[in-house]
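To keep things clear, I will list the structure first and then write my remarks on it.
Chains as they are written, first to last, in the working numbering: chain A, 108 to 216; chain B, 130 to 241.
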């Protein structure tokens with residue numbers, strides 16, 4: 108079975124402060140990890156995926172297989188980062204995505 | 130490409146009525162997914178199709194829910210009869226391989 112845990116339902120951070128959204132996963136095989144973002148009243152969008160090892164909108168995420176984590180980080184929060192963030196997992200070669208319950212990030216001006 | 134297109138955007142219906150949600154995936158994508166989003170449970174996979182064939186419907190809550198994909202460019206999710214606890218946002222997504230999903234704008238369903 109595959110499971111994604113996002114322990115924080117809500118997270119508030121001051122503008123300019125660092126952001127870390129936590130994600131832990133459970134999967135017996137080789138996982139592929141993703142972060143999706145949903146801005147207010149918009150569709151979910153792919154933010155980044157671990158195999159790309161890229162930085163999108165200043166966000167990065169590193170897959171830590173030892174800790175089974177894929178935390179999303181940004182050094183300096185911006186007001187436009189306020190959104191709902193979902194961590195998701197699929198098995199290699201498997202299209203089915205399992206999502207965490209999401210974290211609502213609010214950036215305080 | 131206009132992306133994944135869902136209709137209607139909003140649906141308000143009375144308990145007991147039949148509800149049909151529609152989805153047009155991105156042309157060329159061979160997989161289609163239906164998700165339900167609620168505050169309490171987040172995003173739940175209801176069913177997904179690959180090449181128009183249902184692959185995993187283990188997330189469909191009960192027999193009141195059914196989904197079809199008659200061709201590569203169209204899918205429906207039907208609830209009959211609807212109940213207030215079905216109120217949620219229903220998302221459709223499509224993908225080509227494991228490169229990540231493209232989501233539609235969702236249908237906000239309210240059952241009164």
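Just so it is clear, CB atoms sit at the ideal spot from N, CA and C, and this is done for glycine as well.
- Not one beta carbon of chain B lies nearer than 9 Å to the beta carbon of residue 122 of chain A.
- Inside the stretch 150–175 of chain B, DSSP marks no whole alpha helix (DSSP H) run of 4 or more residues.
- Counting of Cβ neighbours within 10 angstroms places residue 133 of chain B among the buried residues, the total reaching 16 or more.
- By the C-beta criterion, the stretch 183–199 of chain A is judged to be in contact with the stretch 122–140 of chain A, since at least 3 inter-stretch pairs fall below 8 Å.
- In the same chain as residue 139 of chain B, and ignoring 5 residues on each side of it, the C-beta atoms closer than 6 Å to its own belong to 237, in chain order.
- Rounded to whole angstroms, residue 163 of chain B and residue 189 of chain A show a C-alpha spacing of 26 Å.
- Contact check between the stretch 142–155 of chain B and the stretch 136–147 of chain A: fewer than three CB pairs, one atom from each, fall below 8 Å, which does not count as touching.
- Here the C-alpha atom of residue 160 of chain B lies approximately 13 Å from the C-alpha atom of residue 174 of chain B.
- Residue 198 of chain A: member of the beta strand (DSSP E) spanning 190–198, first to last residue.
- Nearest CB-CB separation between residue 193 of chain A and chain B: below the 9 Å threshold.
- Residue environment for residue 241 of chain B: exposed (fewer than 16 other C-beta atoms within 10 angstroms of its C-beta).
- Going by C-alpha positions, residue 229 of chain B is about 8 Å away from residue 141 of chain A.
- Contacts with chain B at 9 Å (Cβ-Cβ) do not include residue 212 of chain A.
- Straight-line spacing of the CA atoms in residue 211 of chain B and residue 205 of chain B works out to 15 Å.
- In terms of CA proximity to residue 108 of chain A, A:196 leads the group A:172, A:209, A:214 and A:196.
- With fewer than 16 neighbouring CB atoms inside 10 Å of its own CB, residue 137 of chain A falls in the exposed class.
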